[in-house]
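Undergrad:
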Amino acid sequence: MFIEILKSKIHKVTVTDANLQYIGSITIDEDLMQAANLIEGEKVHVVNLNNGERLITYVIKGERGSGEICLNGPAARKAQVGDIVIIISYAIMTPDEAKVFQPAVVFPDTATNKLI
8 MFIEILKSKI HKVTVTDANL QYIGSITIDE DLMQAANLIE GEKVHVVNLN NGERLITYVI
68 KGERGSGEIC LNGPAARKAQ VGDIVIIISY AIMTPDEAKV FQPAVVFPDT ATNKLI
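Per my numbering, residue 8 is the first one in the sequence shown, and the count goes up by one each step.
1. Cutting at 7 Å between CB atoms, please list the residues of its own chain near Glu47, excluding the five before and the five after it.
2. Under a Cβ-count criterion, where at least 16 other Cβ atoms within 10 Å of its own Cβ denotes burial, should Thr75 be classed as buried or exposed?
3. On a CA-only basis, which of Leu78, Ser96, Ile95, Tyr97 is nearest Val88? Give me that one, please.
4. Between Pro102 and Ile10, is the Cβ-Cβ spacing less than 9 Å?
5. In this structure, does DSSP put Asp36 in helix, strand or coil?
6. Given Ser96, which residues of its chain have a CB within under 7 Å of its CB, disregarding the five upstream and five downstream residues?
7. Among the residues of its own chain, which have a CB less than 6 Å from the CB of Ala43, if the five just before and after it don't count?
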């Protein structure tokens, strides 16, 4: 049997851009990706604290140190610049693996989206 558990979480970052005309995804500052153990193309859930919207998309690497959090394509309709979101990824593993696994959870500064 396998279960799905929390793998990575960027807790409370501020949306810096919303690009409706892009092909889709969420662009995340590479520093935040690295700290949260996310890789480009990884599936993530995005939860908007301002309006309750939830969406599933994939990660695109943003410029390192930029603080960029940009919802692209249809996801751009789910948030406005300035909204606070939580970005979550999950992993599938056995219950025994899950008991010892430690997720990467990052709490950046919401004013800058930089690591504290």
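Backbone N, C-alpha and C define an ideal beta-carbon position, used for all residues, glycine too.
TA: With the given structure in hand:
1. Val66, Ile67, Lys68
2. The sequence shown places Glu at residue 75, not Thr. It counts as buried.
3. Leu78
4. yes
5. strand
6. Lys14, Ser15, Leu45, Glu49, Lys50, Val51
7. Ser15, Ile17, Ala111, Val113
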